[in-house]
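These protein sequence lines map, in sequence, to chains A and B. When you line the first sequence up against numbering that gives the first Met the number 0, it's residues 0 to 100, in that order. When you line the second sequence up against numbering that gives the first Met the number 0, it's residues 0 to 100, in that order. Just so it is clear, CB atoms sit at the ideal spot from N, CA and C, and this is done for glycine as well. These figures come from a predicted structure and were not determined experimentally. Before any comments, here is the structure.
Number of protein chains: 2
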Amino acid sequence: MKRNLEPITYKADTKALAKFAKALAHPTRIAILNYLDKQSCCFTGDLVDVFPLAQSTISQHLKELKNAGLIQGELKSPKIKYCINQENWNTAKTLFQQFFE
Amino acid sequence: MKRNLEPITYKADTKALAKFAKALAHPTRIAILNYLDKQSCCFTGDLVDVFPLAQSTISQHLKELKNAGLIQGELKSPKIKYCINQENWNTAKTLFQQFFE
DNA sequence: TTTGTTTATCGCCAATAGACGATTGATTTA
DNA sequence: TAAATCAATCGTCTATTGGCGATAAACAAA
Chain A
0 MKRNLEPITY
10 KADTKALAKF
20 AKALAHPTRI
30 AILNYLDKQS
40 CCFTGDLVDV
50 FPLAQSTISQ
60 HLKELKNAGL
70 IQGELKSPKI
80 KYCINQENWN
90 TAKTLFQQFF
100 E
Chain B
0 MKRNLEPITY
10 KADTKALAKF
20 AKALAHPTRI
30 AILNYLDKQS
40 CCFTGDLVDV
50 FPLAQSTISQ
60 HLKELKNAGL
70 IQGELKSPKI
80 KYCINQENWN
90 TAKTLFQQFF
100 E
């Protein structure tokens, strides 16, 4: 983007909602979250088997979900167990509910 | 993106949800929808006054919301009145509800 | 210590997104 | 008809996204 001289300010909720929406804006990430919800948790490797995508690509998607706060990782050497971050998940849920009334 | 040889297939709901999420993945578009909801409808020009963005930029955001089906335009010469598309809005609402349980 | 396993990161590339100004097209109004 | 108004589109620019393979890093096991 070229600018902006006076950057736009949005309400906190607006920004938060947009951030969550962005994390959900790719079918693979939706599918990952659905899978996670079903299994309650999973390892990166599981997803690599489930989706026809390179391991690095899966890792990127997980990173984005983690940055958005929707998931969290826990080291279970030598693997990493990913789970839904319930607290932020509920925050997102509430924000979407409010948004749609 | 570079590829994919065998493109991934997702469930219809997954794709639909990702598409709606993508439309919501920018704070300006969230704000536009909030504004639209308050006013029930509005003209492009109204938004240009509300947001410190070029008219063409606003128009682009409206186009994306329209492509996602969340809003619809009606010609009220010489202006265009934009409203929420209730049917698709409800579809989106349901998809997000289901997704978050 | 070396090897194997697992995941994250890096570098690269193409495509998309988001911003702008300028122009176009449609329609009203003078 | 001419001028004004309004919104969409075009062209351009830069940043970000999404994909890959290759490499690095962390750790367990041999």
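- Under a 10 Å Cβ-count criterion, Ile57 of chain B is classified as buried, with 16 or more other Cβ atoms of the shown protein chains found around its own Cβ.
- In this structure, the alpha-carbon of Gly72 of chain A lies about 26 Å from that of Lys10 of chain B.
- Listed along the chain, the chain A residues whose CB falls inside 8 Å of the CB of Thr13 of chain B are Pro26, Ile29, Ala30 and Asn33.
- Within chain A, Phe99 have C-beta atoms less than 7 Å from the C-beta of Lys92 of chain B, given in sequence order.
- Here the C-alpha atom of Asp36 of chain A lies approximately 14 Å from the C-alpha atom of Asp45 of chain A.
- Within chain B, the residues placing a beta-carbon under 7 Å from that of Tyr9 of chain A are Pro26 and Ala30, ordered along the chain.
- Assigned with DSSP and collapsed to three states, Gly44 of chain B falls in helix.
- Looking at A:Gln59, A:Gln85, A:Asp48 and A:Asn66, the one whose alpha-carbon comes closest to that of Lys18 of chain A is A:Asn66.
- Nearest neighbour of Pro77 of chain B by Cα position, chosen from B:Phe99, B:Leu64, B:Thr43 and B:Asn84, turns out to be B:Thr43.
- Counting along the chain, no alpha helix (DSSP H) covers Lys75 of chain A; the unbroken beta strand (DSSP E) around it starts and ends at Ile70 to Lys75.
- Neighbours of Lys75 of chain A across chain B, judged by C-beta separation under 8 Å, do not exist; the nearest C-beta is about 26 Å away.
- In the DSSP secondary-structure assignment, Lys78 of chain A is bridged to A:Lys75.
- Close to Leu46 of chain B, with beta-carbon spacing below 8 Å, lies no residue of chain A; the smallest spacing is near 12 Å.
- Ranking B:Phe99, B:Leu52 and B:Ala91 by CA distance to the CA of Leu64 of chain B puts B:Ala91 first.
- Measuring C-alpha to C-alpha distances from Cys82 of chain A to each of A:Phe95, A:Leu61 and A:Phe98 identifies A:Leu61 as the nearest.
- Straight through space, the alpha carbons of Asp12 of chain B and Gln96 of chain A are spaced by roughly 18 Å.
- With its beta carbon at least 7 Å from every one in chain A, Lys65 of chain B lies outside the interface.
- For Phe95 of chain B, the C-beta contacts it makes with chain A under 9 Å involve Leu23, Lys92, Phe95, Gln96, Phe98 and Phe99, in order along the chain.
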